[in-house]
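Undergrad: If you scroll down you'll find the structure; I have some questions about it.
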Ligand code: ADP
Ligand code: MG
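Residue numbers (full-length UniProt numbering): 1 to 785.
Okay, here's the thing in structure tokens:
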């Protein structure tokens, strides 16, 4: 880290032929060189305080009028360029009024080669040095930024041929989270040698010149920053050094003449260029001790040069002075500014960073070297993975170790990090997942009990679920049977005694025995996909709706009062669709008709126009045919409008109907869910009652007709208002323990009461299921728990 104040030099511009020299003296011999300016008392113009005559300013060095460009470079720029080559940031900026020689010093004069300024000389020097140094790999880029009126412009953009400044790409400032400044849109052009770099400088200067018009004396009001970016790296090293050298030609620092305004206002307004005022504020803030806030952000220029002022940079300023009488005042201002700048301390640090790609390469090599060394010491070639054999051996070792009850037993896998790591991972697995790790050594006893308990709970839940399901289905089945019987008696009453017909009801009864015979699985699936899933049931049954539940829903749906509404609506919807289709066709028809008539009108007009050409004497008069056609078009249009408005009305109705149906479907589904849950609960209660007295006669759950919607019985289209319906049912009376219900003592094989239907097929199904369940339980050693 290099900590030093900004170096400040002064350069006095040669006097013009007609210029009157002001009085000043240069002393470069003192411990610190000084410039003394003497102002005669009678000097009228300017703002010099007449009470003072002589001003003395100290500089690093003062270059008087005869100083040549090469001397300026050697003394001022070369030391900075050296620092930049070493990896530090550097800045040289020229400050002074317009015409004081800033551009001449920074860029150079156009007439003679010897008038080359700091930029071309620095480029030449840097590339020379880079060529000489073969110990490092260097990369160089340049950028050229012009700041005018707080706007940045890229002077090096090769895509743009600028004729005005606005044509140049606009550069904006971005600040990252670390408060680093980034210039968006400023191109970094690579320059591999001096020639390329000089070409770029030339391109930028040309752009700068072209962009300037007599009306817009931009050069005196704009700042130009030419930056050389250097990155260097020693071959094989992962460290990259990056440094920047800003060469800055500032805007003219002239102040407005005294106009009578005073105080703060005058101070603020005295610069032609506001950003120079902000530069001064930054300089004042930096020169003050204990100032925590430096107003860098006030202008683009101070933001860009933030590091150069009070930051990580070796900074040098050249105060440009014009010492003719008229400009003495401005020169004194420049010197005062320079004195303040000289107080600023900068801390330049070596800008080194690690190239991650190179770091990886280096680390990989190091790993390989270490592996080789290890192989040499152990005499074994080591791969990153353990072989299958080694793994098996390790598993055995760990098993023996875990089984060993001796408290002093130890696990020795040798000095192999891979094996040690594997052992730890393996043991962790055994502790955390005793079942899946394939080794039940440690926790076998604990987990076995835990598992069997879990299994038991699961099975119990499943059993419960299935029991409920069977019961509800059985009850429904009975209802179906009853319905069939009713229908049969009705049928028998109407067609008395036909033997052939007597058989058919028994057939239909057969068919109605099991709901699974009425509804195929496929049908149930279609149904369940045609309606939204039953969220409650899916939850209750743990995911998929069981087949039994699906079937129950099918029957429930069929008998539900709302199914009529759905059916009615479906019919209505179909009607409306057909109607809409008709209207659509009609609309098309009318449209075609109109188009046809329009075509006819045009044809007619062409015909008449042709006639008029061949027979110019015939005047184009009123054409009744065309008029007729037009009237027809009008008529058709009217009818189109009428049909269309009806069509629109239908569309609204259809949409409404569709919504309605959706709603009814949802309600039906919800009703089913409630009903299903209630049935399950009822059965549950019954079952617990029966468990207390094992020989109780089982009464199958029967439905209370508390609500028509919830009742699954006798709401099909056909028997809704059937006079043969059970009067008890009709009166909404409670039919629990209905005498028509079959009762049965439980079969001896089962200690639980089993709901049987009295139907051989269905009963066989239920018994088979119960038997299977018992088998499972017995296998698990849980008996009839
Ligand atoms: P600024 O950029 O500060 O406005 P310029 O660099 O354009 O001033 O200088 C104004 C004029 O003075 C130019 O014609 C330039 O060639 C001339 N000039 C400035 N300094 C010198 C110098 N040291 N030797 C010769 N001519 C100079
Ligand atoms: Mg200039």
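Just so you know, even glycine gets a beta-carbon here, dropped at the ideal spot from N, CA and C.
Kindly examine ligand 4 and report whether one of its heavy atoms sits closer than 7 Å to the Cβ of residue 125.
TA: This structure simply doesn't include ligand 4; it includes ligand 1 and ligand 2 instead.
Undergrad: Would the C-beta of residue 103 count as close to ligand 1, meaning under 7 Å from any of its heavy atoms?
TA: yes
Undergrad: Where residue 659 and residue 477 are concerned, what is the direct C-alpha to C-alpha distance, given to the nearest angstrom?
TA: Answer to the nearest angstrom: the Cα atoms are 34 Å apart.
Undergrad: Examine ligand 2 and report whether any of its heavy atoms sits within less than 7 Å of the Cβ of residue 115.
TA: no
Undergrad: Apart from the five residues just before and just after residue 171, which ones in its own chain have a Cβ nearer than 7 Å to its Cβ?
TA: Cβ neighbours of residue 171 beyond the five flanking positions: 145, 152, 153, 154, 183, 184, 185, 186.
Undergrad: When burial is assigned at 16 or more other CB atoms within 10 Å of the CB, is residue 193 buried or exposed?
TA: exposed
Undergrad: Using beta carbons (cut-off 8 Å, strictly below), is residue 344 in contact with chain B?
TA: The structure shown contains no chain B, having only a single protein chain.
Undergrad: Would you kindly report the start and end of the unbroken alpha helix (DSSP H) that includes residue 103?
TA: 102 to 106
Undergrad: Which residue's Cα is closest to the Cα of residue 89: 102, 605, 81?
TA: 81
Undergrad: Compare the beta carbon distance of residue 315 and residue 6 with 8 Å and say whether it is the shorter of the two.
TA: A distance below 8 Å separates the beta carbons of residue 315 and residue 6.
Undergrad: Would residue 624 be called buried (16 or more neighbouring beta carbons within 10 Å of its own) or exposed?
TA: exposed
Undergrad: Kindly indicate the opening and closing residues of the beta strand (DSSP E) around residue 584.
TA: In the DSSP assignment, residue 584 falls outside any beta strand (DSSP E) and lies within the alpha helix (DSSP H) extending over 561 to 614.
Undergrad: Confirm the yes/no value for this check: CB of residue 133, any heavy atom of ligand 2, distance under 7 Å.
TA: no
Undergrad: Rounding to the nearest angstrom, what Cα-Cα distance links residue 664 and residue 565 in this structure?
TA: 8 Å
Undergrad: Taking only heavy atoms of ligand 1 into account, decide whether any of them is closer than 7 Å to the Cβ of residue 345.
TA: no
Undergrad: Find out if the Cβ-Cβ distance for the pair residue 252, residue 208 is shorter than 8 Å.
TA: no
Undergrad: Do you know offhand how far residue 275's Cα is from residue 143's?
TA: Just so you know, the alpha carbons of residue 275 and residue 143 end up roughly 21 Å apart.
Undergrad: So, using beta-carbon positions, are residue 626 and residue 604 closer together than 8 Å?
TA: yes
Undergrad: Hey, quick one: how far does the alpha helix (DSSP H) through residue 125 stretch, first residue to last?
TA: Counting along the chain, the alpha helix (DSSP H) containing residue 125 begins and ends at 118 to 132.
Undergrad: Measure the C-alpha to C-alpha separation of residue 379 and residue 354 and round it to an integer number of angstroms.
TA: Residue 379 and residue 354 have their C-alpha atoms roughly 36 Å apart.
Undergrad: Taking only the alpha-carbon atoms, compute the straight-line gap between residue 20 and residue 325 and give it to the nearest angstrom.
TA: The alpha-carbon separation between residue 20 and residue 325 amounts to approximately 6 Å.
Undergrad: Do residue 129 and residue 85 have their CB atoms nearer than 8 Å?
TA: Less than 8 Å divides the Cβ of residue 129 from the Cβ of residue 85.
Undergrad: One question on the structure: do residue 320 and residue 15 come within less than 8 Å of each other, judged by their Cβ atoms?
TA: no
Undergrad: Taking 7 Å as the cut-off, does the CB of residue 204 come closer than this to any heavy atom belonging to ligand 1?
TA: no
Undergrad: Report yes if the C-beta of residue 220 is less than 7 Å from at least one heavy atom of ligand 1; otherwise report no.
TA: yes
Undergrad: Taking 8 Å as the threshold (C-beta atoms), are residue 351 and residue 87 in contact?
TA: yes
Undergrad: With distance defined between alpha-carbon atoms, name the residue in 301, 300, 140, 167 nearest to residue 244.
TA: Here the closest residue by C-alpha is 140.
Undergrad: According to DSSP, is residue 550 helix, strand or coil?
TA: In this structure, residue 550 counts as helix in the three-state DSSP scheme.
Undergrad: Could you tell me which uninterrupted alpha helix (DSSP H) segments, each at least 4 residues in length, are contained entirely in the stretch 131 to 214, listed from first to last along the chain?
TA: 194 to 210
Undergrad: Return the chain-ordered list of same chain residues with a C-beta closer than 8 Å to the C-beta of residue 9, the five sequence neighbours on each side being excluded.
TA: Contacts found: 59, 60, 61, 62, 63, 75, 76, 316, 317, 318, 319.
Undergrad: Going by C-alpha distance, which of 176, 390, 12, 366 is nearest residue 414?
TA: Of the listed residues, the one whose Cα sits closest to residue 414 is 390.
Undergrad: When you compare only the Cα positions, how much space is there between residue 27 and residue 33?
TA: 6 Å
Undergrad: Starting from residue 280 and walking both ways along the beta strand (DSSP E), at which residues does that stretch end?
TA: From DSSP, residue 280 is part of no beta strand (DSSP E) but of the alpha helix (DSSP H) over 274 to 287.
Undergrad: Hey, residue 573 and residue 654 are a contact pair by Cβ (cut 8 Å); roughly how many whole angstroms apart?
TA: 7 Å
Undergrad: In terms of DSSP beta bridges, what is residue 648 paired with?
TA: DSSP output for residue 648 lists no bridge partner at all.
Undergrad: Quick one: residues in its chain with C-beta nearer than 7 Å to the C-beta of residue 644, no 5 flanking neighbours on either side, listed in chain order?
TA: 587
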